[in-house]
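Asks: Residues are numbered in the numbering used here as their position in the sequence shown, beginning at 1, plus a constant of 267.
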Amino acid sequence: MLSGIFCSNDTFKKYDFIIANIENASHGFGLTEKNYKDFKEYGINCMTCGNHIWDKKDIYNYIDTSDCLIRPINYPKGTKGVGSRIFDMGEFKIGVINVLGRVFMNLVDSQWEIVAEEIKRIKEITPIIVIDFHAEATAEKICFGRYCSEIGTSAFFGTHTHVQTADESIINNMGYITDAGFCGASDGVIGMEYSTSLSRFLTAIPERYEVAEGKTTQVNAVEVDIEVSTGKALAIKRILCSKNNIEEEKESEKEN
Ligand SMILES: [Fe+2]
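#1: Since S288 is in the beta strand (DSSP E), which residue starts that stretch and which ends it?
#2: Should G317 be listed as close to ligand 1, given that the test is whether its C-beta is under 6 Å from any heavy atom?
#3: Is the beta carbon of G297 sitting closer than 7 Å to the one on D322?
#4: Give me the DSSP bridge partner(s) of F400.
#5: Less than 7 Å between the beta carbons of I398 and T420, yes or no?
#6: Could you name the residues that DSSP lists as bridge partners for D355?
#7: Check the Cβ-Cβ distances between S509 and every residue of chain B, and say whether any is below 7 Å.
#8: Going by the C-beta, is H427 closer than 6 Å to any heavy atom of ligand 1?
#9: Compare the beta carbon distance of V370 and A404 with 7 Å and say whether it is the shorter of the two.
#10: Does K344 come out as helix, strand or coil in the three-state DSSP assignment?
#11: Express the C-alpha separation of N373 and C316 in angstroms, rounding to a whole number.
#12: My output table needs one value for A447: the three-state DSSP class, helix, strand or coil.
#13: Find the nearest neighbour of F449 within the set I418, H401, I493 and C410, judged by alpha-carbon distance.
#14: For the beta strand (DSSP E) containing T315, list its first residue and its last residue.
#15: Kindly indicate which residue of E384, T393, G357 and G498 has the alpha-carbon position closest to the one of G350.
#16: In chain order, what residues of the same chain lie with their CB nearer than 8 Å to the CB of M375, ignoring the 5 residues before and after it?
#17: If you draw a straight line from the C-alpha of I437 to the C-alpha of I493, how long is it?
#18: Among residues of its own chain, excluding the 5 on either side of V456, which ones have a beta-carbon nearer than 6 Å to its beta-carbon?
#19: Let's test the definition: count the other Cβ atoms within 10 Å of the Cβ of H429 and tell me whether it reaches 16, buried, or not, exposed.
#20: Looking only at its own chain, which residues have a Cβ that is under 8 Å from the Cβ of I408, when we skip the five neighbours before and after it?
#21: Less than 7 Å between the C-beta atoms of S466 and E474, yes or no?
#22: Quick one: measure Cβ to Cβ for I285 and N328, integer angstroms, because I've assumed they're closer than 8 Å.
#23: Helix, strand or coil, according to DSSP, for L469 in the structure here?
This is how it looks when you write it as structure tokens:
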């Protein structure tokens with residue numbers, strides 16, 4: 268599970284299935300059709316999202332024809348797109364569900380029953396089920412995570428708060444982490460420029476966020492081993508890589 272996007276085909280090759288939360292991938296807000304196609308080409312198997320998925324208007328042009336993008340399942344009935352998918356990978360099938368939290372978020376339908384029913388439906392086809400729970404409050408993430416572990420989920424990742432938590436664990440045979448973190452500039456404010464974030468706090472006047480560029484880029488992800496025959500998680504590992512853009516620029520200048 269990638270919390271955002273990290274484009275390295277060699278890294279991708281070592282995984283059987285890659286999920287990326289892409290809701291902020293097109294310059295901080297939403298996902299353009301072009302970026303959607305780019306990410307498919309990089310080898311991402313499933314794209315999940317959250318409250319920002321509607322920010323780029325062309326989402327409405329491709330969400331219904333996409334074969335790997337899912338939007339939160341608890342949007343009201345009739346919302347474009349789908350909230351879960353089952354992927355047939357040949358040696359295994361995997362179901363992925365995307366869900367929105369309701370604490371400190373814009374209200375959507377209650378997730379508890381909807382997800383329980385969806386898990387039951389997917390279980391008839393495959394024991395492997397992964398959930399991306401896009402939510403703000405840690406207590407809601409932990410409680411909903413525990414609930415999902417009791418009804419046969421293989422892995423559960425929190426997203427949305429952008430700071431990777433250090434609580435990865437196996438709960439009831441399910442790999443769990445409260446937040447997978449994010450990919451982007453380390454020296455901004457959860458991906459946005461410090462100066463515009465600061466000014467919003469100091470003046471209380473909404474100002475357009477700028478995406479942080481910064482001197483360091485970080486990649487957060489979570490790796491989970493799942494037993495194919497049972498859907499049980501065997502191991503979970505947090506990943507944090509970062510690169511110094513300035514050092515890298517200097518290196519490439521030297522090479523040129
Ligand atoms: Fe979000």
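All residues carry an ideal CB built from backbone N, CA and C; glycine is no exception.
Values in this document were obtained by computation on a predicted structure and should not be read as measured data.
Replies: So, to answer that:
#1: Sequence check: residue 288 is Asn here, not Ser. I286 to N288 is the span of the beta strand (DSSP E), which, as asked, contains N288.
#2: For G317, the distance from the CB to the nearest heavy atom of ligand 1 is below 6 Å.
#3: Yes, Cβ-Cβ distance for G297 and D322 is below 7 Å.
#4: F400 is bridged to V366 and G425.
#5: Contact flag set, yes.
#6: Paired residue(s): K360.
#7: Absent from the structure: chain B. Only one protein chain is present.
#8: For H427, the distance from the CB to the nearest heavy atom of ligand 1 is below 6 Å.
#9: Contact: yes.
#10: DSSP places K344 in the coil class of the three-state scheme, outside both helix and strand.
#11: The alpha-carbon atoms of C316 and N373 are separated by roughly 15 Å.
#12: Taken through DSSP and simplified to helix, strand or coil, A447 comes out as coil.
#13: Sorting I418, H401, I493 and C410 by C-alpha distance to the C-alpha of F449 places H401 at the top.
#14: Its beta strand (DSSP E) spans residues C313 to T315.
#15: G350 has its Cα closest to that of E384, out of E384, T393, G357 and G498.
#16: A small correction: the amino acid at residue 375 is Val; Met does not occupy that position in the sequence shown. So the qualifying residues of the chain are P339, N341, Y342, P343, L367 and R369.
#17: Computed Cα separation, rounded: 11 Å.
#18: Take V456, set aside five residues on each side of it, and the residues of its chain with a beta-carbon closer than 6 Å to its own are S464, in chain order.
#19: Buried, by the Cβ-count rule.
#20: For clarity, residue 408 is Lys in the given sequence; the question names Ile instead. In the same chain as K408, and ignoring 5 residues on each side of it, the C-beta atoms closer than 8 Å to its own belong to G368, F400, A402, G425, T445 and D446, in chain order.
#21: Yes. Within cutoff.
#22: At roughly 24 Å, the Cβ-Cβ gap does not stay under 8 Å, so I285 and N328 are not in contact.
#23: Looking at L469 - three-state DSSP - the assignment turns out to be helix.
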